[in-house]
Amino acid sequence: MSLAGTHPVRAGTAEVRTIRWPVRLLRVLTLTPLLRAVVATESVPAGETRREDCPNCAAPVGLDGTVGVLLPTGRCDRCGTRVGAPTLLVELAVVVAGVSLVLAGQPVLTTLAFAWWAACAVALTFVDVAVHRLPDRLTWTATAGTWTLLTLAAVAGQDPTRLVRALCAGTAVAALFAFTTLLLGRRGFGLGDAKLVLSSAAVLGWLGWGALVAGLLLAFVASAVCALALMAAGRVRWSGHLPFGPFIVLGTFAGMAVG
Numbered sequence: 166m167s168l169a170g171t172h173p174v175r176a177g178t179a180e181v182r183t184i185r186w187p188v189r190l191l192r193v194l195t196l197t198p199l200l201r202a203v204v205a206t207e208s209v210p211a212g213e214t215r216r217e218d219c220p221n222c223a224a225p226v227g228l229d230g231t232v233g234v235l236l237p238t239g240r241c242d243r244c245g246t247r248v249g250a251p252t253l254l255v256e257l258a259v260v261v262a263g264v265s266l267v268l269a270g271q272p273v274l275t276t277l278a279f280a281w282w283a284a285c286a287v288a289l290t291f292v293d294v295a296v297h298r299l300p301d302r303l304t305w306t307a308t309a310g311t312w313t314l315l316t317l318a319a320v321a322g323q324d325p326t327r328l329v330r331a332l333c334a335g336t337a338v339a340a341l342f343a344f345t346t347l348l349l350g351r352r353g354f355g356l357g358d359a360k361l362v363l364s365s366a367a368v369l370g371w372l373g374w375g376a377l378v379a380g381l382l383l384a385f386v387a388s389a390v391c392a393l394a395l396m397a398a399g400r401v402r403w404s405g406h407l408p409f410g411p412f413i414v415l416g417t418f419a420g421m422a423v424g
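Okay, so the sequence shown: first residue is 166 according to my numbering, each after it adds one.
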């Protein structure tokens, strides 16, 4: 009887075991207080300093102040004001990220690269929805960590052509987004979106060109459907601005799951 599939992945490399799904989910879930703290501090308009306290009672955000902001309710435990992401939504996004990591079924270092990107992407999603911006602090962190870990995965024995494809995908898509920004201004993608796809397109490119195309296509379709629905409901105008970052993240998670 063949026992193939029950043994650790062996490729004569450091990547010798695929992380089991319960461990992946538990590790990702432990990040939720940190992600809530990041969302709370970074959800400020461009040009303003990071938020360090509750906007209502000035209680510091974190373990030395209002711990409630770090909990699933996302509310200050002194005055009850919501600070950062809505109740349970960060936790739901983390579960979606964990499921995508499980379905991706990658070796250890690749999974760590994807998990790094996912953690940054979840925080960026809520910041973009709240204040329509993608902070450089998070987009560059996502790119640096993802590219570094994917490089280590390639060095450790993964197919090096995956790394070449990932870096080419991230660079090319980011250049395209940046070009539309320079050409079309507010009607094009923002530079924050261009910086985000440096990492998200690299993740999809690692999985294959098909995953890249599928993820980007889903992002565009979901964005269009959402925009039409909001216009039909009178929530936005044709000339309004809809943050595209969350749709990039959605498309990337979907590409990870099926790629």
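Cβ atoms here follow ideal geometry from the backbone N, Cα and C, with glycine treated the same way. For clarity, every value in this text was computed on a predicted model and none was experimentally measured.
Query	Result
Give me the Cβ distance between Thr197 and Val261, rounded to the nearest whole Å; I'm assuming they're in contact under 8 Å.	The pair is not a contact, with the Cβ atoms about 12 Å apart (cut-off 8 Å).
Counting only runs that start and end within the segment 238–309, where is the alpha helix (DSSP H) found for 4 or more residues in a row?	254–269, 273–296
Report the option in Asp242, Asn221, Pro220 whose CA atom is closest to the CA atom of Asp229.	Asp242
In angstroms with no decimal places, state the Cα-to-Cα distance between His406 and Leu395.	11 Å
With distances taken between CB atoms, is the gap from Ser208 to Val320 smaller than 8 Å?	no
Under three-state DSSP, which class holds Asp358?	helix
Put Val226 into one of helix, strand or coil per three-state DSSP.	strand
In its own chain, which residues sit with a C-beta less than 7 Å from the C-beta of Ala334, not counting the 5 before and 5 after it?	Ala366, Ala367, Leu369, Gly370, Leu377
List the DSSP bridge partners of Ala231.	In the sequence as presented, Ala is not what sits at residue 231; that position holds Thr. According to DSSP, which records beta bridges pairwise, Thr231 is partnered with Val226.
Taking Gly212 as the reference, which of Asp301, Pro251, Ala307 has the closest Cα?	Asp301
Pick out whichever of Gly270, Ala223, Thr195 has its Cα sitting closest to the Cα of Leu236.	Thr195
Below 8 Å on the Cβ atoms is my guess for Ala269 versus Thr311; work out the distance and round it to an integer in Å.	Not really, about 13 Å apart at Cβ, beyond 8 Å.
State the start and end residues of the unbroken alpha helix (DSSP H) segment that holds Cys219.	It is not in any alpha helix (DSSP H) - Cys219 carries neither H nor E in the DSSP assignment.
By the 10 Å Cβ neighbour count, where 16 or more other Cβ atoms means buried, how is Ile413 classified, buried or exposed?	buried
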